[in-house]
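Next comes the structure, spelled out in structure tokens:
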């Protein structure tokens, strides 16, 4: 099995005719993702690559094709509306790749999507990949293979690095999820941990965090209270200068700075093995499998 | 994006928040003229994007216009945390009866804008949060309704006992919220919010941080940017669409993705080296971006080796390779370059690099080790 997407995923791509949207749609189709529709206002009636029907609205796409998942590649000024539109059209799972969405837009989008009963991943995320079944987003398809590890991360390329090293050691994944680094996003570490716990094929979980905020600390507590499966972690940013990347905001609210040391400590206190280097994730995973 | 105190004051004032009179000066002469116009005692405040201005000597009281001129002359031209002070704010020195803190931020944990208010103002709010968290009242805001009147009033009652001051503060909180939303801020704070001996409530100091992602739709806010208040290398990086933070070491790093960039810096440290910078060339890189990145890295005389760490996904390795080749033709680079790339179009990239006389590695740890060795002048 896998989490959030699998062979039953029917994808509509919002922004399918754009530069990034078209490139990655081709990649997703090549991987085996069932892309059933595209949306670009004004281009309804055309086809993408002579195959995928394009619609003017998500509502039409869902009605005509039964799409249940959406991938959003539209530019930042239109991203909030694209998320609203997908949720309104009844899409269950919305993956927003777009980077640069204003955070105040997200304060409105998030509650709207929750009220519709849908799930949002991102924005500003690489999407997710269920090995051998389906990928939605921009994660390269060849860097992993089916296997027993679930992986959740706040970063993109660092995730690729880790799953690629796991593959090098012959270890594959169920699903790799990049939740994105924006302050307000749809799916949290905890949402993914809960889904991996419920997935019978996932036998171990890797969590990759970075400095800033307290999401990793919350996730660590959740692991010790709710997970029966072993969890391995890595935190990026141990040498980052304080006060530069993370805003004032997280620091004030939590009364703490969200440093790497603090997060590593939280992982260790809650039974999560912490890798010193990305490479060390491999050994830790081998130990727990 | 950071803006100056005087700019934040202007935004608050435009939304109706009472702020004291005051003007910005760029010379000692101007400061004297403003002090004369204001009359009485004035305060001279350095306008710079750094905390701890007071401790650094960037805030001074002056009894006379002559003294204002002297202080301004000294503060203009000083550096605070490496940033030159090019402007001072000259404002009347207020008599203060009490100092409170009010602020609003976008909070990761509540996934919403959250107000924080405290009777303990005028000090570092992080200090209060750490030592006496109960002294801070919080109120999340549903952005669909804004700060509701009863929420504003309830916050105000925790700040003041006097009903007149409570009403004044409630109004200021709603004006602060409007300023926060209109300017596309991630943080807006008034610290201190003071009362004067005759009972008035005023914003004595203001700070607003702007969400960079808002700027495409707020040209009037973008216009407030002051590049002279930022490190030149960071300005150049931003204009080239790169994220760059200068550090103290000698291994220049050029990486795609923030997480991998941080992990690369960490690994440099792990193998005994010292990173010279954080640099994320982002996704969808084109060769021009790589040329700009190399220009910025090599402008730091402390750099002794340049390390590329690229995991191609949306970034194509051949784009990066072309950028490296172009850059080395355009700029004179006299330090060794270690290149690690893997992922999208890796084979093509290796071909391009080898034809130009470079070699490429595929393993991150090996590449970092090699860069650290070269920085120390060991091996070849």
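Residue numbers (the working numbering), protein chains in the order written: chain L, 1 to 289; chain R, 290 to 669.
Ideal Cβ placement from N, Cα and C applies to all residues, glycine included.
request  = Determine the contact status of residue 569 (chain R) and residue 103 (chain L), defining contact as a CB-CB distance below 8 Å.
outcome  = Taking the C-beta atoms as reference points, residue 103 (chain L) is found no nearer than 8 Å to residue 569 (chain R).
task = Tell me whether residue 368 (chain R) sits in a helix, a strand or coil according to DSSP, three-state version.
result = Of the three classes helix, strand and coil, the one that applies to residue 368 (chain R) here is strand, per DSSP.
ask   = Under the three-state reduction of DSSP, which class applies to residue 280 (chain L): helix, strand or coil?
value = Of the three classes helix, strand and coil, the one that applies to residue 280 (chain L) here is helix, per DSSP.
ask   = How many Å lie between residue 264 (chain R) and residue 342 (chain R) at the Cα?
value = The structure shown does not extend to residue 264 (chain R), since chain R spans only 290 to 669, so no value can be given for it.
key: Proximal residues to residue 268 (chain L) (C-beta, below 7 Å), its chain only, five neighbours per side dropped   = The residues are 274.
message = Can you tell me whether residue 83 (chain L) is helix, strand or coil according to DSSP?
response = Three-state result, residue 83 (chain L): helix.
query = beta strand (DSSP E) containing residue 484 (chain R): first to last residue?
reply = For residue 484 (chain R), the uninterrupted beta strand (DSSP E) segment begins and ends at 474 to 484.
Residue 10 (chain L) vs residue 36 (chain L) beta-carbon contact at 8 Å = Taking 8 Å as the Cβ cut-off, residue 10 (chain L) and residue 36 (chain L) qualify as a contacting pair.
inquiry  = So residue 210 (chain L) contacts chain R; which residues on that side make the cut at Cβ distance below 9 Å?
reply    = Residue 210 (chain L) reaches chain R at 547, 548, 551, 552, counting residues in chain order whose Cβ is nearer than 9 Å.
query = So the alpha helix (DSSP H) residue 448 (chain R) belongs to, where does it begin and stop?
reply = Membership of residue 448 (chain R) in the alpha helix (DSSP H) is indicated by the continuous run 438 to 448.
DSSP-derived helix/strand/coil call for residue 88 (chain L) = Three-state DSSP puts residue 88 (chain L) in a helix.
query = When DSSP labels each residue in this structure, what does residue 502 (chain R) get in the three-state scheme?
reply = If DSSP states are grouped into helix, strand and coil, residue 502 (chain R) belongs with the helices.
query = Going by alpha carbons, who is nearest to residue 121 (chain L) out of L:132, L:140, L:99?
reply = When L:132, L:140, L:99 are compared, the shortest CA-CA separation from residue 121 (chain L) is found for L:99.
inquiry  = Classify residue 611 (chain R): buried if its beta carbon has 16 or more other beta carbons within 10 angstroms, exposed otherwise.
reply    = Burial call: buried.
request  = Could you check what DSSP says for residue 93 (chain L) in three-state terms: helix, strand or coil?
outcome  = It is a strand residue.
inquiry  = Quick check on DSSP: helix, strand or coil for residue 131 (chain L)?
reply    = Reduced to three states, the DSSP call for residue 131 (chain L) is coil.
Reduced DSSP secondary structure (H/G/I, E/B, other) of residue 543 (chain R) = In the structure shown, the three-state DSSP call for residue 543 (chain R) is strand.
request  = With distances taken Cα to Cα, identify the nearest neighbour of residue 706 (chain R) among L:73, L:50, L:43.
outcome  = Outside the displayed span of chain R (290 to 669) sits residue 706 (chain R), for which this structure offers no information.
request  = Return the residues of the stretch 269 to 289 of chain L that lie within a Cβ-Cβ distance of less than 8 Å from chain R, sorted by chain order.
outcome  = For the stretch 269 to 289 of chain L, which is checked against every Cβ of chain R, the residues closer than 8 Å are 276, 277, 278, 279.
inquiry  = By the three-class DSSP mapping on this structure, what secondary structure does residue 125 (chain L) have?
reply    = Residue 125 (chain L) falls in the coil class under three-state DSSP.
task = Tell me whether residue 695 (chain R) sits in a helix, a strand or coil according to DSSP, three-state version.
result = With chain R covering only 290 through 669, there is no way to say anything about residue 695 (chain R).
message = In chain order, what are the residue ranges of uninterrupted alpha helix (DSSP H) at least 4 long that sit wholly in the stretch 339 to 422 of chain R?
response = Runs of the alpha helix (DSSP H) inside the stretch 339 to 422 of chain R: 354 to 364, 414 to 420.
request  = Can you tell me the Cβ-Cβ gap for residue 39 (chain L) and residue 16 (chain L), rounded? I've got them flagged as a contact below 8 Å.
outcome  = Sure, about 7 Å apart at Cβ, within 8 Å.
task = Keeping to the same chain, check which residues put their C-beta closer than 6 Å to that of residue 467 (chain R); ignore five residues upstream and five downstream.
result = Within the same chain, residue 467 (chain R) has close Cβ partners 304.
inquiry  = Could you tell me the alpha carbon to alpha carbon distance between residue 575 (chain R) and residue 587 (chain R), rounded to whole angstroms?
reply    = Distance between the alpha carbons of residue 575 (chain R) and residue 587 (chain R) is about 19 Å.
query = Exposed or buried, which one is residue 169 (chain L) when buried takes at least 16 other CB atoms within 10 Å?
reply = Here residue 169 (chain L) is exposed, its C-beta having fewer than 16 other C-beta atoms within 10 Å.
Own chain partners of residue 651 (chain R) with C-beta closer than 6 Å, once the 5 adjacent residues on each side are dropped = Taken in chain order, the residues that qualify are 631.
query = What is the rounded straight-line gap between the Cα of residue 138 (chain L) and the Cα of residue 409 (chain R)?
reply = The C-alpha of residue 409 (chain R) is placed about 48 Å away from the C-alpha of residue 138 (chain L).
inquiry  = Need the endpoints of the beta strand (DSSP E) that residue 491 (chain R) sits in, please.
reply    = According to the DSSP assignment, residue 491 (chain R) belongs to the beta strand (DSSP E) that extends over 490 to 492.
ask   = To the nearest angstrom, how far is it from the Cα of residue 254 (chain L) to the Cα of residue 264 (chain L)?
value = Note that residue 254 (chain L) has pLDDT 43, beneath the 50 cutoff, so the model's placement of it is unreliable and the number below is only indicative. Their Cα atoms are separated by approximately 17 Å.
query = For a contact meaning CB atoms closer than 7 Å, what does residue 600 (chain R) contact in chain L?
reply = Those within 7 Å of residue 600 (chain R) in chain L are 157, 160, 161.
request  = Can you give me the start and stop residues for the beta strand (DSSP E) that residue 4 (chain L) sits inside?
outcome  = For residue 4 (chain L), no beta strand (DSSP E) encloses it, and the DSSP letter there is neither H nor E.
request  = Mind checking which residues open and close the beta strand (DSSP E) that includes residue 209 (chain L)?
outcome  = Its beta strand (DSSP E) spans residues 204 to 210.
task = Work out the CA separation of residue 472 (chain R) and residue 479 (chain R) for me, nearest whole Å.
result = Those two C-alpha atoms are separated by around 15 Å.
task = Compare the C-beta of residue 299 (chain R) with all C-beta atoms of chain L and state if any pair is closer than 8 Å.
result = For residue 299 (chain R), the answer is no, since every Cβ of chain L falls outside 8 Å of its Cβ.
query = Interface residues of chain L around residue 562 (chain R) at Cβ under 8 Å?
reply = Residues of chain L with a Cβ closer than 8 Å to the Cβ of residue 562 (chain R) do not exist; the shortest Cβ-Cβ separation is about 10 Å.
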